[in-house]
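When you line the sequence shown up against our numbering, it's residues 1004 to 1247, in that order.
Think of the CB as a built atom: it goes at the ideal place given N, C-alpha and C, for glycine as much as any other residue.
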Amino acid sequence: MELLCCEFREVLAVAASSITNLVLDGVLIKFTDNDNFLQILLPNLLHLRFGYPDYFHEAEDEADYVARLAAILVAPQVQSLHVNSVERPQDVCHILQSLLPRRGTNTTLQSLCLQHVTLDIPTCDLLSACINIKEIFINPSKPGNVNCVLHFMLNFKRGSQSYNPSLLWPHLLTLAIGVFDEELLRTIVQSRKAAGYPLTNLCLPYYCGNTHWYQEHVDEVGNWDLWHNVKLQWWKHFGSFTVF
């Protein structure tokens, strides 16, 4: 599906107050320099999935596309965010910034799914502002991206004295990762448990060999592939471009 920017804005504006779920990876928005980029507030949007349509081409100017689309949307109440196949880390930042209020702290986002994306430290900085995250799924475009997040979790220092000042995402219960550095992950599991904020659900890929150590330190150790399939089926229920 393709929509002009003005058509896309009309769709959102008509039902802005009633939209609770928005899946964007089946629609291509055609932007021009003359488009109206005033923000549209979606006050009751709870679930947002962002990705490129299968037929998206680099000729569409990928960088401007994400920045423009993210600039239009203001969704302060999103509880679950799924970002799919976004290779540029700055584009992930654009999407996250559309969820952050001016004060820079998001208290509503609880579930985060980053699939085939590229992450860096600035992205992690924005994620740290989402302080109530309970569930994280990461299947990156490059294995090092997961380690980037794990290193950030391990070395994070919160400026304020709220919760545990040295702990990132104190409410995090579920961590599902497709690839990982085993020593680094074990350190994360141990440090959170020692701080009194243990992970209760850890989802690892099927090829992960010995899981006995994790089973001794985490309440439930599951299969990453099964968890992943459940998430995909949940989103497929909404279709490719859905507003309701």
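Contacts around M1156, its chain only, beta-carbon distance under 7 angstroms, and the 5 residues preceding and following it disregarded: Here the set comprises L1171 and I1191.
Counterpart residues of Q1118 in DSSP-defined beta bridges: Q1118 pairs with N1087 and N1142.
Three-state secondary structure (DSSP) of T1177: The answer is strand: DSSP assigns T1177 an E or B state.
C-alpha gap between L1175 and E1005, whole angstroms: Those two C-alpha atoms are separated by around 38 angstroms.
Expected contact under 8 angstroms - CB spacing of V1149 and V1182 to nearest Å: Their Cβ separation, rounded to whole angstroms, is 6 angstroms, which keeps V1149 and V1182 in contact under 8 angstroms.
Straight-line Cα distance separating D1028 from D1184: Rounded to whole angstroms, D1184 to D1028 spans 31 angstroms at the Cα level.
Contacts around D1094, its chain only, beta-carbon distance under 6 angstroms, and the 5 residues preceding and following it disregarded: The residues are V1069.
I1141 to A1197 span [Cα, whole Å]: Roughly 24 angstroms separates the two Cα atoms.
Beta-carbon contacts of S1083 that lie in its chain and below 6 angstroms, excluding the five residues immediately before and after: In its chain, beyond the 5 residues on either side, H1050 and S1114 have a beta carbon closer than 6 angstroms to the beta carbon of S1083.
Closest residue to H1119 among S1088, S1131, N1135 and T1110 (Cα-Cα distance): Per the Cα distances, S1088.
Under the three-state DSSP convention, the category F1053 falls into: Three-state DSSP puts F1053 in a strand.
Residue range of the alpha helix (DSSP H) that includes L1187: For L1187, the enclosing alpha helix (DSSP H) begins and ends at E1185 to A1197.
Among N1204, T1121 and E1010, the one whose alpha carbon lies nearest that of E1223: Minimum Cα distance to E1223 is reached at N1204.
Close beta carbons around D1123, own chain, < 7 angstroms, minus the five adjacent residues each side: Cβ within range, chain order: P1092 and C1151.
Through-space distance from T1108 to N1213, alpha-carbon basis: Rounded to the nearest whole angstrom, the CA to CA distance from N1213 to T1108 is 38 angstroms.
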